[in-house]
Every structure is written in structure tokens, then in C-alpha cells.
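The structure appears below as C-alpha cells.
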Amino acid sequence: MYDDAAGATRVTDRCTKAEFTEVRGIQTPTTDDDVGPDGEPLSITISGWIGTARTAGALKDSDTRDNLNKLSLIVRGKVAHEDLLEEFNENGIYASYLIGEIRADDLDVDDLDDIATSSRQHIVEDDPRFVLLKTWLRAEITRIGNQWTDLRNKEGTSAALDNPLIKEWFSTLSGDTRKKAVSLFGKINQLTIDKEPERRALFAQAVVGFETLRYRDNLDALEALKPGDIAAATSLFRDVTDIQAALYHQIVQQRIEVIEKLLAHFDDNALEKVLQDHLFENLWLLDPGWERATDRKKEERIASSFADIDATLKQEERDARMDIRYKRTGGMNVIVELKRRSVQVADYQIMEQVQKYKDVVQRHLDSIGSPEALEVVVVVGRELKGWDTSQNKTQSIQSLAQKSIRVVQYDKLLADAQAGYREYLDAQHDLGRIQRLLMELADEVDTDNDVGTDGPAA
């Protein structure tokens, strides 16, 4: 509040839910750079108020849906500038929570030039009185921003610890790690997130981040251990294993969600295109141990050689194929060929078609003296020709395996990956401390999301 006691009270009495108020009195900033009508240093008298909302969404007029996130300038009872925030390009998050009204009648006096533009909608930007006002307001907004950040940091920790799961975890922290946790909770509380489930999800992710910090602290502790204390280090390694298990558990859950979305596409014959777009960057669909590609330069060199081979293919071969690429991942060299879903080929055709590509990769591996294995995976939409009996199919698979070639069908690829990852989740009976915490927090968020917008909080 920038007013005398009576004027401030008229406003603060209406702010019944305000958590913090400060009355600073009527302001009279002065500058020696310019003089007023009386020949003395220029000064202006400022009153009014500036506030911050609890949530950015609260600054929407409930009737008109207009944005109330603005600081209006009132001169002699009329709006002289609709939003002074436009003058500052303020990037701080807190600026999204600001609202207020600044009164400065000295901007319109008979002894000085008219400060309004000809349209009467704005103020003359370089008028000394307006420059003085902006200088004062910038300092006030900065001060309020610092105050707002401190309050949000304190409130963020309090909000996080309202959850007993996070409170239990927080109690295990100490020293710098605890201070960093408080800081991050504050930053989460500063974000323009009005939905509580989303905020809780961010608090949950903060747990993972700080367990990683704890792990780094443990590495420092290892250096300080004396030989006789090595037995005590086993607890440090348990912590690291716990973090890794929690992170991989989250990865597996996300992968199952991806598979379920891909399976949904299978029914409308769109899987062929979806796999072309995503399979090569998500090799874990073919093997859980295969992650992202790890040698882009080598892939680019071999891709150039593959392009030379593609240029010599018959039209029939080109039509049968969606894509073929080389990938290096998990210590393996992999060639993945994606056949069109409608095409049916025999095993001998696959052997013949991929051999040229295998030779390119093998020559490269030999040239650098690499002992790494090379595998070919061919993804098909239909069973191969000749797989009409179980015996023929088994013999064909064995013949392909001798050439390090594996054939996987579209639907079986997804079904096998889904079953494998679900089996992993089902087997996780002995959950680690962090993994259990994240799962319980995720369950809370899911429960909140299931409640309607007008329903009760979980």
C-alpha cells in the first residue's frame, strides 16, 4: 500500500485473505536531473497499491474472462495508462501474478506541458515526470519480486511437506542437500501451475533429483573413507541401486504406455507408418537392452554406403521395403529392415537382400579391428513364405539365426515387448525406498486426476 493510514486501511480491510501486507505510505520520488514548475528538483506524489495473487489463474475476471494481470495508472480519476507493466518487459515469473493501481495526479498539472499523447490513450514516453514514475516503479517491482520469491520459497517447502510421503523423505536430508531441496520446492511453487496434481507431480520428480544429489554426496564420502571403514560403504551402494531401480521402473512404465498407443494404431492399419517414424529411435521395442543409438558419426558413414546399395535395387525390392538402417547400441551393431505390412517374402530372399548391407557393416568393423557382433532384425507384417507348418517355421528361424538374422512380426513385436515389460513390473515385489515413494505419489496424482473439476480433492 502507498497511502496514508486511513487510505491503506480502506484497502487492507477488503483484503481479508491476504497473507502479507505492508503499508509504505504516500511516495514522493525526486530527481535532480530535472526541475519542477517551482524551480526545485522535480518530484511527484504517488499513491495506490500493488498486490500478487495466489495463482496466476486468479487474475481472470470471473464474468468477462479479461486478464487482470496489469498495473493501471490513474491520473485525476481517469485511466492514463492501462498497464504500466508493458513499459518494463519484466521476465520474472512473479510478474504473471501482479495486479495493482497507481495514482499520480502530478502527471497532469497546468504549469507543465500536457503529458498525454494526442490520442489521449498513452503517456509521452520521455516526459521527465513519467520517467521518474517508471524509475520508482521499477525499483518497487524488483523489491516486491524479491519479497514474493522469499515467501513462495517458504510456502513451497510447507506445501511439499503437507504430503506425508515427501515429509518422510525430506526428514532424511541434511546439510547442503536439504538446502537445495528447500530451494527447488520454492521454485516449483513459483511456477504458474494452478492444478494441484501437476504441482504434486513436480514435487515427486524433485525427489529423484535430490536422491541423485545424495548419490553424488556419497561419492565424496567414499573418498574420505579409511581402509577400515570400507565395510560401511555398502549402505552407499544400496542407495545408488535404489535410485537406479526407481528410475528404470519409471522408464518401463513409460515404455508400456508407448506400446499401448502403438497397439491402438494397429487396428486402423496405421502401425506401418508409426513404426517407420519411431522404431529406429526406440530400439528397446526390439530388445530391452537396446537403447538410443550411441555412434551417430558411424551411422552416418554407413548410411551413405546403404544409399549406394539402394540405388542398385530392383523396383520390386524398393516397393517391398519401408526403410533399412544401421544402428549401434548397447555394444551391438544392428541392421533393422522394416518391410511393408502387405509384403510376404521367403527366408532365402531375406538372406539375399540383407547380405549386401551386412557386408558393408562387417567391412567397416574389420577396418577398425572391432570384435563387436552384428545382428540383423527384419520386421514384417506377414509370416514368411513356407511357414505353413511349425516344423518348417522352426527350421527357417534356425537357418536365419545362423546368419545372425531375426524376423519379427509387427504385432508380435509389440506384444512381446509389452509382455516383457509387464513381467518386469509384476516381479517388483521388493520395492526400494525411492521407488515405493514415487509409486505412491503417482497413485495420489492419478487419483486427483480422476476427480471431476467440481469434485472433492483427494
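Here the sequence shown stands for residues 720 to 1177, numbered as in the working numbering. In this text, a Cβ means the ideal position worked out from N, Cα and C, and glycines have one as well.
Grab me the residues of residue i's own chain with a C-beta within less than 6 Å of its C-beta, minus the 5 sequence neighbours each way, in chain order.
i	result
T731	T740
R822	S766, G767 and I793
R743	Y721
S837	Bear in mind that a pLDDT of 47 at S837, under 50, signals an unreliable position, so the number given afterwards is only what the model happens to contain. Here the set comprises nothing.
H800	L792 and I842
L1005	V1096
N872	G905
V1053	K1046 and E1094
I1069	V1097
E874	N908
R729	none
N1111	G1105
F999	R1044
So, for residue i: in the same chain, excluding its five sequence neighbours on each side, which residues have a beta-carbon less than 8 Å away from its beta-carbon?
i	result
Q1137	I975, I978, E979 and L982
T771	Y813, Y816, L817, I818, I863 and W867
R784	none
D1173	Any reading at D1173 must be qualified, since the residue scores a pLDDT of 36, below 50, and its modelled position is unreliable; the value itself is stated next. For D1173, where only same-chain residues beyond five positions count, there are no Cβ hits under 8 Å.
Y1189	The structure shown does not extend to residue 1189, since the chain spans only 720 to 1177, so no value can be given for it.
D824	T764, V794 and R795
V798	S791 and L792
L1119	D1066, I1069, M1070, R1125 and V1126
Can you give me the start and stop residues for the alpha helix (DSSP H) that residue i sits inside?
i	result
Y1067	D1066 to S1086
L761	Taken as a continuous stretch (DSSP letters only), L761 belongs to no alpha helix (DSSP H), being part of the beta strand (DSSP E) at P760 to S762.
D996	L990 to H997
I745	Per DSSP, I745 belongs to no alpha helix (DSSP H) and is neither H nor E.
Q885	The amino acid at residue 885 is misidentified as Gln; the sequence shows Ile. P883 to F889 is the span of the alpha helix (DSSP H), which, as asked, contains I885.
Within the same chain, show all residues whose beta-carbon is closer than 7 Å to that of residue i, passing over the 5 residues directly before and after it, in chain order.
i	result
S762	T747, P748, T749 and G755
K886	L880
A878	N908
G947	Note on G947: pLDDT 48, under 50, position unreliable in the model; the coordinate value appears next. If we look at G947 and ignore the five residues flanking it on each side, it has no Cβ neighbours.
L804	K789, L790, A814 and L817
G1050	E1091
Using three-state DSSP, classify residue i as helix, strand or coil.
i	result
T771	strand
V1053	strand
N788	coil
G819	strand
Q1063	coil
P847	helix
D895	helix
Y721	strand
V730	helix
V794	strand
S766	strand
L941	Per-residue confidence for L941 stands at a pLDDT of 46, beneath the threshold of 50, marking its modelled position as unreliable; the derived number appears in the next sentence. L941: helix per DSSP, three-state reduction.
K1182	For residue 1182 there is no data in the structure shown, the boundaries of the chain being 720 and 1177.
K906	helix
K980	helix
T853	In the sequence on display, residue 853 carries Lys and not Thr. Correct three-state label for K853: helix.
F956	With a pLDDT of 42 at F956, under the threshold of 50, the predicted position of this residue should be treated as unreliable, though the coordinate-derived value follows. Looking at F956 - three-state DSSP - the assignment turns out to be helix.
For chain C, is any of its Cβ atoms less than 9 Å away from the one on residue i?
i	result
I1116	The question asks about chain C, but that chain is absent: this structure has only one protein chain.
Between which two residues does the beta strand (DSSP E) containing residue i stretch?
i	result
R1047	R1040 to T1048
V798	K797 to H800
V754	T749 to V754
If you measure from the CB of residue i, is any heavy atom of the ligand ADP nearer than 8 Å?
i	result
R1082	The ligand content of the structure shown is nil, which means the ligand ADP is not present either.
- Segments of 4+ residues assigned as alpha helix (DSSP H) that fall wholly inside the region 1080-1145: The region 1080-1145 contains, as complete alpha helix (DSSP H) runs of 4+ residues, the segments 1109-1121 and 1129-1145 (chain order).
- Message: Any contact between the region 1061-1078 and the region 1095-1114? By contact I mean 3 or more CB pairs, one from each, below 8 Å.
- Response: Touching, yes, given that three or more Cβ pairs across the two stretches are closer than 8 Å.
- Item | Stretch-stretch touch, CB-based, cutoff 8 Å, three pairs: the region 1042-1061 with the region 1080-1089 | Segment contact: the region 1042-1061 against the region 1080-1089, three or more CB-CB distances shorter than 8 Å; contact assigned.
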